[in-house]
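Note sheet for the following structure.
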Amino acid sequence: MDSVTMSSFFDLFLALLNDMFFAMIPAVGFALVFNVPVKALKYCAIGGAIGHGTRFLLMHYGAPLEWATLCAATTVGMIGVHWSHRFLAHPKVFTVAALIPMIPGVFAFKAMIAVVEINHLGYSPELWGLMIDNLVKTLFTIAALAIGLAMPGLLFYRRKSIV
1 MDSVTMSSFF
11 DLFLALLNDM
21 FFAMIPAVGF
31 ALVFNVPVKA
41 LKYCAIGGAI
51 GHGTRFLLMH
61 YGAPLEWATL
71 CAATTVGMIG
81 VHWSHRFLAH
91 PKVFTVAALI
101 PMIPGVFAFK
111 AMIAVVEINH
121 LGYSPELWGL
131 MIDNLVKTLF
141 TIAALAIGLA
151 MPGLLFYRRK
161 SIV
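In the UniProt record's numbering, the protein residues as written are 1 to 163.
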């Protein structure tokens with residue numbers, strides 16, 4: 001590897017560590033709000049870091065936000081099922097707080113600001129397009145979080161056979 005490639009790899013690695021570290025903070029914060037047992041807090045933090053880090057890497061390599069979020073939420077859900085079997089707890093103990101950092105708050109905020117501006121300034125195609133774009137991105141990202149969280153239950157806890 002030449003020095004430019006090694007430098008860009010190192011920069012990506014540092015950005016990934018930064019992203020994962022700062023995703024752990026809200027994961028633990030919301031786990032505390034949800035009264036997660038103290039012994040499970042570190043797993044919520046790890047789950048939040050893994051999920052946000054997975055999404056970060058997928059988006060870095062060109063995946064859209066919605067698909068990267070779906071893959072990351074599914075990864076967190078699968079890991080949560082593994083931890084739930086290992087520690088005899090419900091998977092949601094580990095997964096719900098870990099997914100909170102991936103909620104698209106910026107896009108929801110931009111959509112609401114566009115609604116307020118449309119109300120204040122009147123209709124314009126640019127504001128309407130901005131509002132629709134941010135709203136759809138928000139809704140699809142939240143749907144990806146919900147589907148990714150439900151995916152392990154759909155795959156592992158089926159009572160009837162598929163066929």
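Glycine included, each C-beta is placed from N, C-alpha and C at the ideal position. Model, not experiment: these values are computed from the prediction.
(message) Our contact map puts GLY48 next to ALA97 with C-beta atoms below 8 Å; I'd like the distance itself, whole angstroms only.
(response) 7 Å
(message) Please return the same chain residues whose Cβ sits closer than 6 Å to the Cβ of ALA114, not counting the five positions on each side in sequence.
(response) Contacts found: LEU127, LEU130 and MET131.
(request) Given a cut-off of 8 Å, decide if THR75 and GLY51 are closer than it, judged by their beta-carbon atoms. (result) Yes, the Cβ-Cβ distance between GLY51 and THR75 is below 8 Å.
(message) Measuring straight from C-alpha to C-alpha, what distance separates MET151 and VAL4?
(response) Rounded to the nearest angstrom, the two C-alpha atoms are 40 Å apart.
(request) Assign TYR43 to buried or exposed, taking buried as 16 or more other Cβ atoms, counted over all protein chains shown, within 10 Å of its Cβ. (result) buried
(request) Can you grab the Cα-Cα spacing for the pair PHE87 / TYR157, in whole Å? (result) 18 Å
(request) Find out if the Cβ-Cβ distance for the pair residue 191, ILE147 is shorter than 8 Å. (result) With the chain represented from 1 up to 163, any question about residue 191 goes unanswered, as that position is not in the structure.
(message) So for VAL4, helix, strand or coil by DSSP?
(response) helix
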